[in-house]
Amino acid sequence: MDLRWPFVLLLAVGAAGAAAWLATRRRDYGWQGQLPYLARSFRITELPEYQRALRAHQRLLVAALAVVLIAVTALVVAAARPARTYHPSPPGSDTPYVDIMVCFGPLFVVQFANKNGLVPLLSALRTHVEGFGNQRIGMTSQYYRTIPVTADREWVTDRLDRIIDTVSAANEARAAGDLSAAFGSQEDGLFERRTGPLANPRDTLAMCAMGLPAVGAENGRSRMIVYVGDINGGMVDPSAQPLYSEEYLKKTITNAGIQVNAIAPDLATGPMGFTEKLVRDSGGKVVAYTEVDSLFGEPPQRMQDNLSDELDTAVDTVLADPPPSALDVAREHARAPFQWDVPNLLLQLALIAAVALAALRWGLRL
């Protein structure tokens with residue numbers, strides 16, 4: 078096809094030449110983002126003001142690099158921290174690791190069960206045993222080991238039920254005036270076996286201490302004695318000599334780390350005896366209750382109710398504050414959330430580093 082408008086070709090050639098000239102001009106004079114060369118630029122770079130600005134800029138760059146490294150490291154450690162998987166704890170797993178020996182002193186016998194509240198005390202103890210988890214319990218009546226220290230709650234509650242039934246039957250027979258039946262109901266020896274005089278409280282405490290794990294048999298559990306009886310009465314028979322001296326018993330309890338507590342009738346009078354001193358020195362407590370002054374016959378219901386309430390409170394108070402054990406401390410350290418489970422410190426450090434980086438970036442642009 079012939080070209081009908083030859084002057085258009087001339088215009089196109091002229092436009093292309095103009096575009097090439099403009100492109101060359103922009104490259105030579107820095108129109109594409111390049112500054113033209115500055116003659117003797119060293120005069121500017123050697124100025125003190127320029128050197129100060131350059132040093133400040135370099136310091137800001139180093140500081141920015143440091144905070145970037147801190148932020149990245151903190152975030153990486155927070156993301157890759159050790160983690161644990163927690164499972165629901167079974168019932169009773171949060172209970173203290175303690176071995177308990179309930180220790181019945183002189184005159185706390187079936188014969189005086191109405192007065193000393195043996196049935197409500199055993200009932201309160203049974204209620205606590207049902208809720209035991211890590212605890213182990215045993216029971217001693219004077220010289221007789223009624224229940225060895227065990228974690229078998231079912232067996233302990235069953236035996237306590239049998240003892241409660243035996244003591245209740247003796248109380249009913251005594252209230253009916255049938256003393257022979259009252260004493261005959263004790264023949265199975267579930268709670269006590271007396272073939273001689275009443276034991277000295279010191280010997281009873283020694284029996285209880287020997288029923289707990291001995292020194293050297295460390296299992297991480299704490300040890301606790303709950304003495305039930307008169308803490309100031311001393312010997313029942315002044316002519317009877319105890320088998321264990323005060324020094325030996327105190328040394329045994331101290332070396333084994335046993336905490337001694339006492340549930341005592343508040344009618345006990347006299348100076349502070351050895352048992353009470355032992356309780357105070359071992360870090361235990363004394364909880365008093367009011368005896369029902371009725372040896373024969375059934376005491377009034379109001380007095381029985383008050384006695385039951387006081388003994389329930391006494392058992393709650395003593396068992397609610399066991400001595401700490403190594404296993405309890407270890408469990409507290411392992412309890413969720415543990416040390417690294419919530420990386421608050423690392424995240425706070427990363428946040429501070431990010432804020433510092435933003436401030437440095439703003440300083441670099443000035």
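Just so you know, we're using my numbering here: the sequence shown kicks off at 78 and counts up by one. Glycine residues also receive a C-beta, built at the ideal position from the N, C-alpha and C atoms. Given the structure is predicted, the values throughout are model-derived calculations rather than measurements.
Per DSSP, the continuous alpha helix (DSSP H) segment holding V154 begins and ends at P125 to A156. Classified as buried, Q336 has 16 or more neighbouring CB atoms from the shown chains inside 10 Å of its CB.
Cβ neighbours of T352 within its own chain (closer than 6 angstroms, five residues either side excluded): P278 and I308. In the structure shown, P401 adopts coil according to DSSP, grouped into three states. Shown here for S385: same chain residues with a beta carbon closer than 7 angstroms to its own, the five before and five after excluded, namely P197 in chain order.
Collapsing the DSSP output to three states places I224 in a strand. With respect to V244, I214 sits apart: the two C-beta atoms are not nearer than 8 angstroms. Ranked by Cα distance from N332, the first of L320, L289 and R230 is L289.
In this structure, the CA atom of A143 is about 43 angstroms from the CA atom of D405.
For E207, the number of other beta carbons within 10 angstroms of its own is below 16, and it is reported as exposed.
A430 is a Cβ neighbour of A148, given a cutoff of 8 angstroms.
One Cα belongs to M301, the other to K328, and the distance between them is close to 15 angstroms. Nearest to L195 by C-alpha distance, out of F268, L124, R230 and A407, is F268. With fewer than 16 other Cβ atoms from the protein chains shown falling within 10 Å of its own Cβ, Q318 counts as exposed.
Distance from the CA atom of L88 to the CA atom of A96, rounded to whole angstroms, is 12 angstroms. Taken atom to atom, the span from the alpha-carbon of G306 to that of R298 is near 26 angstroms. Rounded to the nearest angstrom, the gap between the Cα atoms of Q425 and L131 is 32 angstroms. Under the DSSP assignment, T281 falls in the alpha helix (DSSP H) whose first and last residues are P278 to M287. Beta-carbon to beta-carbon, I330 and V395 are separated by about 16 angstroms, too far to satisfy the 8 angstroms threshold. F181 has S218 and V305 as its beta-bridge partners, per DSSP. For V337, there is no enclosing alpha helix (DSSP H); the enclosing beta strand (DSSP E) covers residues I335 to P342. Per DSSP, the unbroken beta strand (DSSP E) holding V363 starts and ends at V363 to Y366. For D358, the enclosing alpha helix (DSSP H) starts and ends at F351 to D358. Spatial neighbours of Y127 in its own chain (CB-CB distance under 8 angstroms, excluding positions within 5 residues in sequence) are listed in chain order as I121. In chain order, T217 and Y220 place their CB closer than 7 angstroms to the CB of M284, counting only its own chain and leaving out the 5 sequence neighbours on each side.
Annotation for E323: R279 and F351 place their beta carbon closer than 8 angstroms to its own, counting only its chain and skipping 5 residues before and after.
In terms of Cβ geometry, N338 and V392 do not form a close pair [threshold 8 angstroms]. Rounded to the nearest whole angstrom, the C-alpha separation of G91 and L99 is 12 angstroms. DSSP lists V175 as the bridge partner or partners of S299.
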